[in-house]
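K.L.:
Chains as they are written, first to last, in the working numbering: chain A, 178 to 544; chain B, 178 to 544.
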C-alpha cells in the first residue's frame, strides 16, 4: 500500500530502475523548486548521493546504501571488493545508524554466497530492506495515529497542532516516513491536523522538504523559523511535537537533526508531549549513552550560504555572512531520553528507556 | 569616548547631520555587504527607518524616535502635530519599550515649551538621550567586564567562549551596544574572548550584523545556526551566554529576539550563566509579567525568503519555501526571569527579580 501523494500521484523516494541495474531517487537537493529523479547505478554514485544529501533521512540512507552495495558487487563481487564497498558507503555519514545496519545486513548475505551470485543476493536483500521500511513506516503511522487520536479526543474538534523539526516524511524513508506517517494517516482519516514545520537551518529541510511534501499531500502546514518553537509552546499553540531520529541508544537517547534538543527542552518546560518516531533499524543496541554518538560536522558553507529561488526563477546560493567569517556546523544533537515522552516504533509506543525498548524488543534482552 | 572600531575607524550607528536638520544612520538592511549611511530628516523618514528596520535594536530605536519627533516638530510644532507624531512613531514597533520611553521624554519637554521653541528643545533632548545611551552602554561594558573577568579567572588562559543571539552591539545602540559592550571591553583589554553568534533567523542579524561588527573590530567570532546552541552547551563548548533585551518587566522577565528563550532553557539545563544586558530605558516598570508584553508579528515574507549575496555580487532575496506555503513570524519571545542568571545594567549587575532591580533602582520602590 502506498498512500502518500504528490499532487494526487502516489510516489516513493527511491524506486528500482526497470532494467534492474540501478535505482531512481528523488534529488532532494533540487526540492522544493524541482521534482526530479536521478539514476544511481554505481558504488561511487550511491556514496555521492548519500554524502551530498541527494538522499537523506536515516531510513532512506540505509536503503540507498543497501542498493549501493549491491551495485558495487555487480562491478566487483570479490571479497576485497565487498569490503571496500562497505567501507566506502559506511564513511559517507557518521551519525545515522541505519546506514551501518543495512550495510551489515547486505554484507552478511553476500559474503555467504558465491561471488557470481552476490549481486543477485545483495539486490534482493536491498529490496527486502526497502519493502520492510515501507511496512515499518506504515505501522509507525498506525501507532502514532493512536497518540494523535488521544490528543484529538481532548481538543474538541479543533485541529491538532503539531510541531516537527527537519524532515521525517516519506522523503526521509521510502514511503510514509516516520514522524510524518501518523500525520498522513490522521489527515487521510479526516482527523484535523495542522503542522508547524521548523525551517531547520542550515539546510532548510523543514522549508524545502517537510513543507513541500505536506503541502503536496494537502496537509495544512505553517513554516516557522527554528527560533519560534519556544514562543509557540509557551503560548500554548502546540499540542504535541513529533520528530524522527538518526540514532536511538538502547536507553532511549535520541540523535536527530541539530536543533531537536532545543525543541525538546521547550516542550518539557511547557508539558507538551515530545514524541520520537523511528523504525527498529534506527536503534543502536550497542550504545547506552547518547553522549557517545558521533556527531557529524558538515561544511561551514552550509551555514554561510542559503539556497533558494531568486525572483528570476533561478535557484541560487546566497551568502548571508560577511566575507571572512567562519562557521561551525554540527549536523545533529542528542536529546536525552528523559525529555522524550514516547518512542513510536513499528511495534508500538514505549517509554524512552531501556525497559521501554526491551518491552517492545524482548529478543534484545540480555540472556 | 568612542572606542568601537569599524576597520580601524571609530563610528556610531547614528550621527547628527552637519546642518542640524537630520540624522545620518547606518542602513542596517544593507549590511553586511554594504556599509552606507542614509539621511533621516522627516517624521515619515524616521517612522519608515524604524519599521523597515533600517535602524533596529531597542536603544537605537528609542534614539531614532526621539530625533524623529524633533524633526516632526520642525515641520509642525503644534500640539496636534506633536500628538500625531508621537502616535505615528509609537506605532512603528510594539515590543521595544525604549521607543515609548524616549518619545515620552521628548514629548514632555516639547509640550512645556512654546511651539516656536519646540524643535530646539526636542532636538536637544534627543541629543541628550543619545549621549546618555552611549554613556550607559559604556557602563554596561564595565559591569559586564567584571563578569567576564570572573569567568576568565576560572578558565586558565583559554579564550572565554560566549554565545550571543541576534545583535546587541553598537549597531543596536548608538555606540558600544549592550550585550557586546563587555565583549569589546574584554577584547580591548587583552582578555581572550571567542564569540559564537547565532544566525538569528528570520532576519539573520547574527550573521549580517553581529558577525560583521565583531569581525570589523577584530573580535574572534564563529557563526552558528540557531539550532546549534543546545549541542554546544551540552558539549561544554560555551562558558556564558549574553544577550540584549527589548523589554524587561519589573520582575525581570525578558522580551528579546525570537529564539532567546530556547537558548536560555539550554543554558539553564547545563548550568551555564545566561546574562541579559540592558540600559534602564529597557525596563518597563509598569509590567510585572512578561506574558503581558505585546509580541510583534512581522511579515511572513521574512520567513519565506532570505536575503544574501549571490555569486555575481548582487544582493538578492531568495525564496526558501515552496510556492503557496504560509509562515508565522513572531519577532520576539519572553524568557522568564527564573532562567536569567543576572541582569547587567548601567548601574551594575543584579538578580532578575523585582528585588534585584529595585536594589539598583531604589527610586522605583513603591512609596
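Where a beta carbon is used, it is the ideal one built from N, C-alpha and C, also for glycine.
For the region 483-494 of chain B and the region 496-511 of chain A, state whether three or more C-beta atom pairs, one from each stretch, are separated by less than 8 Å.
P.N.:
As far as the Cβ criterion goes, the region 483-494 of chain B touches the region 496-511 of chain A, which means the pair count is three or higher.
K.L.:
What separation, rounded to the nearest whole angstrom, lies between the Cα atoms of residue 178 of chain A and residue 197 of chain A?
P.N.:
Along the first chain, one-based indexing puts residue 178 of chain A at 1. Along the first chain, one-based indexing puts residue 197 of chain A at 20. For residue 178 of chain A, the pLDDT reaches just 44, beneath the cut-off of 50, and the residue's location in the model is therefore unreliable, leaving the point undetermined.
K.L.:
Mind listing the chain B neighbours of residue 499 of chain A? Cutoff is C-beta to C-beta under 7 Å, in chain order.
P.N.:
Position 322 of the first chain, counted from the first residue, corresponds to residue 499 of chain A. Result: 209, 388, 389, 392.
K.L.:
Use the C-beta contact count for residue 209 of chain B: other C-beta atoms within 10 angstroms, 16 or more gives buried, fewer gives exposed.
P.N.:
Indexing the second chain from 1 puts residue 209 of chain B at position 32. By the neighbour-count rule (16 or more Cβ atoms within 10 Å), residue 209 of chain B is buried.
K.L.:
Would you mind giving the Cβ-Cβ distance between residue 432 of chain B and residue 423 of chain B, rounded to the nearest angstrom? I have them listed as a contact below 8 Å.
P.N.:
By one-based count along the second chain, residue 432 of chain B stands at place 255. By one-based count along the second chain, residue 423 of chain B stands at place 246. Residue 432 of chain B to residue 423 of chain B, Cβ: 5 Å. Contact.
K.L.:
I want to verify the contact list: residues of chain B whose CB lies under 7 Å from the CB of residue 381 of chain A, in sequence order.
P.N.:
Numbered from 1 along the first chain, position 204 holds the residue referred to as residue 381 of chain A. Those are 497, listed as they occur along chain B.
K.L.:
Under the three-state reduction of DSSP, which class applies to residue 178 of chain B: helix, strand or coil?
P.N.:
The residue given as residue 178 of chain B occupies position 1 in the second chain. Its pLDDT being 44, under 50, residue 178 of chain B is placed unreliably in this model, and the value from its coordinates should be taken loosely. Here residue 178 of chain B sits in coil by DSSP.
K.L.:
Candidates A:531, A:222, A:516: which alpha carbon is nearest residue 443 of chain B's?
P.N.:
As a first step, residue 443 of chain B must be located in the second chain, where it is residue number 266. Minimum Cα distance to residue 443 of chain B is reached at A:516.
K.L.:
Would DSSP call residue 314 of chain B helix, strand or coil?
P.N.:
Residue 314 of chain B sits at position 137 when you count from the first residue of the second chain. Note: residue 314 of chain B maps to helix in three-state DSSP.
K.L.:
Ordered along the chain, which non-local residues of its own chain (more than five positions away) have a Cβ less than 6 Å from that of residue 242 of chain A?
P.N.:
On the first chain, residue 242 of chain A is found 65 positions in, with the first residue counted as 1. 266, 276, 279, 280.
K.L.:
Using a Cβ-Cβ distance under 7 Å, would residue 320 of chain B count as near chain A?
P.N.:
For this step, residue 320 of chain B is matched to residue 143 along the second chain. False, the Cβ-Cβ gap to chain A never drops below 7 Å.
K.L.:
Return the chain-ordered list of same chain residues with a C-beta closer than 7 Å to the C-beta of residue 509 of chain B, the five sequence neighbours on each side being excluded.
P.N.:
As a working mapping, residue 509 of chain B is identified with position 332 in the second chain. Answer for residue 509 of chain B: 272, 423, 432, 433, 434, 435, 472, 473, listed in chain order.
K.L.:
Give, in chain order, every residue of the region 401-412 of chain A whose Cβ lies closer than 8 Å to some Cβ of chain B.
P.N.:
Taking 8 Å as the Cβ-Cβ cut-off against chain B, the residues of the region 401-412 of chain A that qualify are 401, 402, 403, 404, 405, 406, 407, 408, 409, 411.
K.L.:
Could you check whether the region 248-261 of chain B touches the region 213-223 of chain B, counting it as contact only if at least three pairs of C-beta atoms, one from each stretch, sit closer than 8 Å?
P.N.:
Touching, yes.
K.L.:
Using a C-beta to C-beta distance shorter than 8 Å, which residues of chain B count as neighbours of residue 424 of chain A?
P.N.:
Looking up residue 424 of chain A in the first chain gives position 247. Under the 8 Å cutoff, chain B gives no residues; its nearest Cβ is about 14 Å from residue 424 of chain A.
K.L.:
Using the C-alpha atoms, what's the distance from residue 346 of chain B back to residue 525 of chain B?
P.N.:
Translated into the one-based positions of the second chain, residue 525 of chain B becomes position 348. Translated into the one-based positions of the second chain, residue 346 of chain B becomes position 169. Approximately 18 Å, taken between the alpha carbons.
K.L.:
Who are the neighbours of residue 399 of chain A on chain B, taking C-beta pairs under 7 Å?
P.N.:
Indexing the first chain from 1 puts residue 399 of chain A at position 222. Correct list: 503, 504, 505.
K.L.:
State yes or no: is the beta carbon of residue 317 of chain A nearer than 7 Å to at least one beta carbon in chain B?
P.N.:
As a position in the first chain, residue 317 of chain A is number 140, starting the count at 1. So, not an interface residue.
K.L.:
So, with DSSP's three-state summary, where would you put residue 581 of chain A?
P.N.:
Because chain A is modelled from 178 through 544, residue 581 of chain A falls outside the range shown and cannot be assessed.
K.L.:
Indicate the three-state DSSP secondary structure (helix, strand or coil) for residue 513 of chain A in the structure shown.
P.N.:
In the first chain, the residue the question calls residue 513 of chain A occupies position 336. DSSP places residue 513 of chain A in coil when its eight states are reduced to three.
K.L.:
Flag residue 178 of chain A as yes if its beta-carbon sits less than 7 Å from any beta-carbon of chain B, otherwise no.
P.N.:
Taking the first residue of the first chain as 1, we reach residue 178 of chain A at position 1. The pLDDT assigned to residue 178 of chain A is 44, lower than 50, so where the model puts this residue is not dependable; a value taken from the coordinates is nonetheless given after this. No - not a single Cβ of chain B is within 7 Å of the one on residue 178 of chain A.
K.L.:
Thinking just about the alpha-carbon of each residue, which of B:429, B:236, B:245 is nearest to the one in residue 226 of chain B?
P.N.:
In the second chain, counting from the first residue as 1, residue 226 of chain B sits at position 49. Ranking the options by Cα distance to residue 226 of chain B, first place goes to B:245.
K.L.:
Is residue 544 of chain B close to chain A, meaning its C-beta is less than 7 Å from at least one C-beta of that chain?
P.N.:
Taking the first residue of the second chain as 1, we reach residue 544 of chain B at position 367. So, not an interface residue.
K.L.:
Would you call the region 444-454 of chain A and the region 306-326 of chain A in contact, with 3 or more CB pairs under 8 Å?
P.N.:
Taking 8 Å as the limit for Cβ pairs, the verdict is that the region 306-326 of chain A does touch the region 444-454 of chain A.
K.L.:
Please classify residue 529 of chain B: is it buried, with 16 or more other beta-carbons within 10 angstroms of its beta-carbon, or exposed?
P.N.:
Looking up residue 529 of chain B in the second chain gives position 352. Counting Cβ neighbours within 10 Å, residue 529 of chain B comes out buried, since at least 16 surround it.
K.L.:
Would you mind reading off the limits of the alpha helix (DSSP H) that contains residue 526 of chain A?
P.N.:
Residue mapping note: residue 526 of chain A aligns to position 349 of the first chain, counting from 1. Per DSSP, residue 526 of chain A belongs to no alpha helix (DSSP H); it is in the beta strand (DSSP E), 525-527.
K.L.:
Which residue's Cα is closest to the Cα of residue 296 of chain A: A:407, A:249, A:337, A:339?
P.N.:
For the purposes of this step, residue 296 of chain A is taken as residue 119 along the first chain, with counting starting at 1. The candidate whose alpha carbon is nearest that of residue 296 of chain A is A:249.
K.L.:
Sort B:360, B:373, B:534 by Cα distance to residue 425 of chain B and report the nearest one.
P.N.:
Along the second chain, read from residue 1 onward, the residue named residue 425 of chain B stands at position 248. Among B:360, B:373, B:534, the Cα nearest to that of residue 425 of chain B is on B:534.
K.L.:
Pop quiz: residue 200 of chain B and residue 193 of chain B are said to be a contact at Cβ under 8 Å. What is the actual Cβ separation, rounded to whole angstroms?
P.N.:
As a first step, residue 200 of chain B must be located in the second chain, where it is residue number 23. As a first step, residue 193 of chain B must be located in the second chain, where it is residue number 16. Right, the Cβ-Cβ distance comes to about 6 Å (below 8 Å), so this counts as a contact.
K.L.:
Where does residue 368 of chain B fall in DSSP's three states?
P.N.:
In the second chain, the residue the question calls residue 368 of chain B occupies position 191. If DSSP states are grouped into helix, strand and coil, residue 368 of chain B belongs with coil.
K.L.:
In terms of DSSP beta bridges, what is residue 519 of chain B paired with?
P.N.:
Residue mapping note: residue 519 of chain B aligns to position 342 of the second chain, counting from 1. According to DSSP, which records beta bridges pairwise, residue 519 of chain B is partnered with B:452.
K.L.:
Tell me the start and end of each unbroken alpha helix (DSSP H) in the region 202-230 of chain A that is at least 4 residues and wholly inside, in chain order.
P.N.:
Listed in chain order, the complete alpha helix (DSSP H) runs (minimum 4 residues) inside the region 202-230 of chain A are 220-228.
K.L.:
Compute the distance between the beta-carbons of residue 325 of chain B and residue 369 of chain B, then report whether it is under 7 Å.
P.N.:
Looking up residue 325 of chain B in the second chain gives position 148. Looking up residue 369 of chain B in the second chain gives position 192. Against a cut-off of 7 Å, the Cβ pair of residue 369 of chain B and residue 325 of chain B comes out as no contact.
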